[in-house]
Amino acid sequence: MPPKNKSKKDTQPNLKPTANSNGNNTSNGRNLINWPPLRPLVPPSDLSLIPLLHDQIYLIPNYFTANLCKTYISFLASLPLTTTPGKPKKDEAVRVNDRFQIEDAVFAEMLWNSTALRELVLTGRMEDDDYDQDEGEKRRSVKEMWGGEPLGLNSNIRVYRYKPGQFFAQHYDDANTVTFENKQTAPIQARTTWTLLIYLSNCTGGETVFYPEPSRWNRNPEPISVDPGMGMALLHRHGDRCMLHEGKEVLNGEKWVLRSDLVVER
648 MPPKNKSKKD
658 TQPNLKPTAN
668 SNGNNTSNGR
678 NLINWPPLRP
688 LVPPSDLSLI
698 PLLHDQIYLI
708 PNYFTANLCK
718 TYISFLASLP
728 LTTTPGKPKK
738 DEAVRVNDRF
748 QIEDAVFAEM
758 LWNSTALREL
768 VLTGRMEDDD
778 YDQDEGEKRR
788 SVKEMWGGEP
798 LGLNSNIRVY
808 RYKPGQFFAQ
818 HYDDANTVTF
828 ENKQTAPIQA
838 RTTWTLLIYL
848 SNCTGGETVF
858 YPEPSRWNRN
868 PEPISVDPGM
878 GMALLHRHGD
888 RCMLHEGKEV
898 LNGEKWVLRS
908 DLVVER
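Residue 648 is where the sequence shown starts when you use my numbering, and the numbers rise one by one after that.
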């Protein structure tokens, strides 16, 4: 089991696609690639956060439609993905997959504002929602839930492809301090608190498995396994309160994942 204070991080330098891969490379490092439009989408009113483990893991089924997932897989397959080294650095978890990473505040803002995510996070609307809470209570509970006032998504966008035989061993996700920027506000000092994973494909294997820590009430808790269903989003807490977790080996098909992080004000 990797030590909690030395978790596996996304340490690979940002990869900037060539002009051939996107047709819209720019010199200032912003909006480097032409992401497909985020449509069609399920209306926010038809979606909710499903608590798999309260205060730790939430699912959003149908966050992306099947057609949108297929569009994105086709697009992402054209990017210059790089296979991670098979031998990790000391104290890092073993990870074998193909990945792409880019700083893109424009796409991060698009993911936040153009989908149901912003509304679900800011309202904390869940399947088992308590509609009797007043607005003040809901506001406080939302801040407590996400570890601060939610601002949006981390501009560090990551793309993962796991082919048969590839996996990500047990690890913790680190929190990061970031400077949050958007069109409406001046730069804000912020931090990440939750990991966002968007599963774009179905596959056999490739489950994301969480390992709750023993407690006085449950000394031997069962692992929590999440199948990577097409179009589903998963939010899980990271940083000091991150649960040990892993991406199981893919047995058949390909597992495509979009990754960002929830950003809150410091």
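Don't be surprised by glycine CBs; every beta carbon is placed ideally from N, CA and C.
Point to revise | Integer Cβ distance of Thr-842 from Asp-874, believed to fall under 8 Å | key: Wrong, their Cβ atoms sit about 17 Å apart, outside the cutoff.
Practice item. Taking all protein chains shown into account, decide if His-892 is buried (16 or more other Cβ within 10 angstroms of its Cβ) or exposed. Key: Answer is buried; the Cβ neighbour count reaches 16.
Exercise for review: Given a cut-off of 7 Å, decide if Pro-683 and Phe-722 are closer than it, judged by their beta-carbon atoms.
Suggested key: In terms of Cβ geometry, Phe-722 and Pro-683 form a close pair [threshold 7 Å].
Review point. Is it the case that the Cβ atoms of Val-911 and Thr-824 are separated by a distance below 7 Å?
Key: Not closer than 7 Å, so no.
Check your understanding: Nearest CA to the CA of Glu-901: which residue from Ala-880, Asn-709, Leu-728 and Asn-849?
Key -> Residue Asn-849 is the option with its Cα nearest to Glu-901.
Practice item. Can you tell me which of the three DSSP states Glu-791 falls into? Key: The three-state secondary structure of Glu-791, taken from DSSP, is helix.
Check your understanding: How is Gln-899 classed by DSSP in three states: helix, strand or coil?
Key -> The question names Gln, but residue 899 in the sequence shown is Asn. Asn-899: strand per DSSP, three-state reduction.
**Study point:** Asn-709 versus Gly-886, Ala-880, Ser-907 and Asp-908, residue with shortest Cα-Cα distance
**Key:** Closest option to Asn-709, judged by alpha-carbon separation, among Gly-886, Ala-880, Ser-907 and Asp-908: Ala-880.
Practice item. Write down every uninterrupted run of the beta strand (DSSP E) in the region 793–837 whose length is 3 residues or greater and which is fully enclosed by it, in chain order. Key: Within the region 793–837, the runs of beta strand (DSSP E) that reach at least 3 residues and sit entirely inside it are, in chain order, 797–800, 803–809, 814–818 and 824–827.
Practice item. Could you work out which residue in Asn-865, Leu-700 and Pro-732 is closest to Met-890 when comparing CA atoms only? Key: If we check each option's Cα against that of Met-890, Leu-700 comes out closest.
Point to revise | Those runs of the beta strand (DSSP E) which lie wholly inside the region 836–870 and span at least 3 residues | key: Within the region 836–870, the runs of beta strand (DSSP E) that reach at least 3 residues and sit entirely inside it are, in chain order, 855–858.
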